[in-house]
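Numbering (full-length UniProt numbering), first residue to last: 1 to 318.
So this is what it looks like as structure tokens:
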């Protein structure tokens, strides 16, 4: 039996009430109940790094008191303190969720000053030494021209794959996350995509992601339920259908070889500039997909804080 199977078996033994087929009721992090925590841990077992699954297995073999202590979510204001030692579940949350989710990353650095915006004559392959969010937006605008998910051209924004505002803690920092994906700077073009305002919001809230199918990048919408008879499932089907219809409608604006829907039903991303060296980093996209699937299994929800966009609204000239 492999480590994932053994850890899932151990989790079910420690918590017999665990229902691995049910998605918990949606709650924001500060209001998570035991089903949310167990769903999150189950997501780690199924989708997380093997080293984290091994660490969870070792924790579950300790006393129930120690397990309960390490599964306590700390107040979010403490997580930003370098003097505070996060619990086991804090560390996993910071690594897998706060790395991407806009409502759980460091809002203090949400807006990046534009100190070195390149001129329109500069090539997107040439990046200045000191990159800012403006550099990323300009670069992906030239590379993508249109929202990569729905092909809308209005109110497009430069979206970061790895968030530009990661909470730095003793066990998780921006440098280590970027290194894991083979990136050097959060504002480099490979960490960005051009997305419309709606797709950007869904991407940052872990409700929409780019997956790799048969070597092609495709857009996916998260289905937040396993109950195929529920209204949530029907809404997911409507959302997928609407996205496909939007792509078909917008296809008329492009005189190239892009396809709205492939024969297998997938919706592929299309790059005007097919230079793979400047396309979105696939390791970062795979990491984001992992976060989406874990967040789904936890029944994660957004905070009620006011939204803070990391880009100024407005259409992109194409």
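Using N, Cα and C, we set each Cβ at its ideal position, and we do this for glycine too.
Residue i - DSSP class collapsed to helix/strand/coil
i           : result
residue 1   : coil
residue 210 : strand
residue 147 : coil
residue 153 : coil
residue 7   : helix
residue 290 : helix
residue 17  : coil
residue 187 : coil
residue 12  : helix
residue 202 : helix
residue 127 : Here the model assigns residue 127 a pLDDT of 47, short of 50, so the residue's position is not dependable, and the following value carries that caveat. Note: residue 127 maps to coil in three-state DSSP.
Nonlocal neighbours in the same chain, by C-beta distance under 8 Å from residue i, ignoring five residues either side
i           : result
residue 247 : 150, 151, 260, 261 and 267
residue 114 : Summary for residue 114: the model assigns pLDDT 28, below 50, so the residue's position carries little reliability; its value from the coordinates is reported in the next sentence. Here the set comprises 132, 133 and 134.
residue 73  : 29, 30, 32, 37, 87, 89, 90 and 93
residue 27  : 33, 36, 299, 300 and 301
residue 3   : 50, 53, 54 and 57
residue 45  : 4, 7, 8, 11, 53 and 56
residue 59  : 66, 67, 70 and 88
Extent of the continuous alpha helix (DSSP H) run through residue i
i           : result
residue 133 : 133-144
residue 219 : That residue, residue 219, is in no alpha helix (DSSP H); its beta strand (DSSP E) goes 216-221.
residue 37  : 34-47
residue 55  : 50-60
residue 174 : 174-180
For residue i: DSSP bridge partner residues
i           : result
residue 297 : Answer is none; residue 297 lacks a bridge partner.
residue 27  : 300
residue 159 : 193
Spatial neighbours of residue i in its chain, beta-carbon cut-off 7 Å, leaving aside the 5 residues before and after
i           : result
residue 21  : 226
residue 284 : 161, 162, 181, 183 and 191
residue 282 : 212
Nonlocal neighbours in the same chain, by C-beta distance under 6 Å from residue i, ignoring five residues either side
i           : result
residue 71  : 37 and 89
residue 101 : 206
4-residue-minimum alpha helix (DSSP H) runs that sit fully inside the segment 227-288, ordered along the chain: Runs of alpha helix (DSSP H) with 4 or more residues, each lying fully within the segment 227-288, are found at 231-250, listed in chain order.
Complete alpha helix (DSSP H) runs within the segment 64-108 (minimum length 4 residues, chain order): Given a length threshold of 4 residues, each whole run of the alpha helix (DSSP H) inside the segment 64-108 is given here in chain order: 64-70, 76-79 and 88-96.
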